[in-house]
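Residue numbers for the sequence shown follow the working numbering, so the first one is 8 and each next one is one higher.
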Amino acid sequence: MAKDDPQNSSDSKKCGGITRRNFMKYSAMTVAYVSLGPLTFGCGDNGGQLEGYPIDPNVVTTVQKTVAFTTPNPVGLTPTQLSSIPQYSKYSYGVWKDGPPLLVEPRTDIMSPSYSNPSPVRITKFMNCFAISDIHITDKETPNQLIYLQQLNANDAQASSVYSPVMMYTTHVLDAMMQTVNALHSKNPFDFGISLGDACNSTQYNELRWYIDVIDGKTIIPSSGSHVGSNSIDYQKPYQAAGLDKSIRWYQALGNHDHFWIGSFPVDMPGVGLRQAYISDTVFATGDVLADPRNINNRDYYMGVIDGSTPLGDIIDAGPVGKFKGAPTVVADQNRRSLLRTEWIQEFFNTSTEPVGHGFNLVDPNQESGFACYSFVPKSNVPLKVIVLDNTQMENDNSPDIHGHGFLDQARWTWLKKELAAGQAADQLMIIAAHVPIGIQPINSEVEWWADPQNAVSLQGLLTELQSCPNLLLWMTGHRHTNTVKAFKSPDPVNAPEKGFWQVETTSLRDFPQQLRTFEIYLNSDYTISIVTINVDPAVKEGTPAATSRKYAVATQQILNTLSKFQNDPSTGYLVDPITQQVIMNGSVPAKDPSIHPMPTGSYNAELFKQLSPDMVKKLKALYPKP
């Protein structure tokens, strides 16, 4: 199942895309900042209608098979050569095959020490849902990226967030995943889906529209500016997205990339000119902000763009400013404009899938404009609610740091406490869905809970509140692009084990392993709860752009040598003290968190057990007596 370059595949050539006449017409329109509008597409014998990209008909989960590397540790390219795509096949990077099944591991970490029933009989299934996260739909031709910084910081695996070759195919892999969801839904219907943030890569209008339109099943024109390559290059060709099954309701959370420039800086920070840079015709120049965010005001390097006329997405207009005679330019595009938080939210009311607003219709109208927290009850006859929490930083916090930290202002903190108290009072089981995880990395990382006076609550204060709500089952999250599962044990596991809860992360659709998670919640015969959570790969079909995306995702991991991150990342497997947010030391050696287990090939499946309070058990016995 080796995957070669897509421009040689028959599938990528089956639709010629836009006619030359129409291409020239809308190129001129784009120069004048006019949106593309309706177009006529020529696709052979398809009556002028665009074709889509099918998936493999054999749709399974990682319980049946996984993605394995044919050559686990190829050599030949260094991290500075990540963009050397022509060399991938020569050195066997990105070659994959079907791997062995991944078992579902029973986990009783937060149960009473005396609990001994890891295989109970089910009374009923409360819920079946899926979560996607960190899709990072990317306009690779926008002039204000940070592509060049990957080469400057090549030894930092996180630098792949500003460039990796998968950025050419972000809409295609989302389309393949929606088709995969539809196939799973036909066998075991989902009650809803939820996206945990970072739909966009950098707040852009066209990125968000591509994201929503893929899910809605509309025509996708995955290019911008001059739209070069639209007639011949697979990742540039317009296509028809399949769309999510209209019977599946889906909800949205806010991520840091959805309202910060490349997820890192406020768009309107003074003196930088970021907002204008989005719609400019000049390639952005800045300093090495990955090394030090304060370098943003430097003009050391032109950051570059992807040349959409090249089959392998060559990087152009990148390098030290001194090597250029003048500033490199691109065709400007008004559709690249950066959305304010309020504008981003409003776009979810312009959709053909349900519900209208995708959760933002449920926001308390008395909250300040841009408030992005809400709750919903998936099934009216089941005592369970989902609390969707915006825990990203504020645009006006004046922090010079990367804006990837967990944060709650006073309004959101007050709202969360009110929602938790209401759920307890109503005897509802609860799930929190938020973009940023908690208590998973030490204080000096860029994704930990923000230890700043502006934060309305410390990590310890947050955990104390969460553990005072015995009906809380789960903190569902994304952000770090991993599938880590962590147990938050009760402070009194013997007498009150119900105060423990689980945290489950869902990886990114951009980076390997490019998966979603399913969550099935059961009430067991001993009146405990089981959360069965399973990773799912998109069922990509050989020769399609989504299959190329997988090849590039595998190659990126291999070249950057990040295998340890996906097995059991040493930087996230440490035990973090919630009070100091420092790694707990075992003598001179950092202590490992015993609840973070290995993740073979980046995936992790588990059945997570949760004990309930005596009051909740009594309530559920009345509602769901044993058969």
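Positions of the beta carbon are idealized from the N, C-alpha and C atoms, including for glycine. Treat the numbers as computed from the prediction; the structure is a model and nothing was measured.
Between D408 and P300, the beta carbon gap of about 6 Å places them in contact (Cβ cut-off 8 Å). When the alpha-carbon of N403 is set against those of P277, T317 and D371, the nearest one is in P277. Residue nearest to G59 within the set P245, G236 and G294 is P245 (criterion: CA-CA distance). Of the other Cβ atoms in all chains shown, 16 or more fall within 10 Å of the Cβ of L84; this residue is therefore buried. Approximately 5 Å separates the beta-carbon atoms of N490 and Y611; this is inside 8 Å, confirming the contact.
Put simply, of A428, A458 and L469 the residue whose alpha carbon is nearest the alpha carbon of N478 is A428. Under DSSP, N531 shares a beta bridge with R129. M592 counts as exposed, since fewer than 16 other C-beta atoms from the protein chains shown sit within 10 angstroms of its C-beta.
A direct Cα-to-Cα measurement between L181 and I222 gives close to 8 Å.
If only uninterrupted alpha helix (DSSP H) runs of at least 4 residues are considered, those enclosed by the stretch 552 to 618 are 552 to 567 and 570 to 575. In the three-state scheme derived from DSSP, where H, G and I count as helix and E and B as strand, M118 is classed as coil. Residue environment for L110: exposed (fewer than 16 other C-beta atoms within 10 angstroms of its C-beta). In the structure shown, D622 falls within a helical segment according to DSSP collapsed to helix, strand and coil. Going by DSSP, G468 is part of the alpha helix (DSSP H) stretching over L466 to Q474. As computed with DSSP, G326 is found in a beta bridge with Y309.
Selection R114, L57 and D252 evaluated against I536 yields R114 as nearest (Cα-Cα). With respect to M437, K506 sits apart: the two C-beta atoms are not nearer than 8 Å. Sequence-distant partners of T336 (beyond 5 residues in either direction) whose C-beta falls short of 6 Å from its own C-beta, in its chain, are D288 and T289. Going by DSSP, T73 is part of the beta strand (DSSP E) stretching over T73 to F76. Our two residues, Q565 and Y100, have alpha carbons roughly 7 Å apart in a direct line. The straight-line gap separating the alpha-carbon atoms of A433 and E426 is approximately 11 Å. According to DSSP, Q211 shares a beta bridge with S345. The C-alpha of R487 is placed about 25 Å away from the C-alpha of G311. DSSP, read as helix, strand or coil, puts P300 in helix. Going by C-alpha positions, G413 is about 13 Å away from P460. Excluding sequence positions up to five before and after S254, its CB lies less than 7 Å from no other CB in the same chain.
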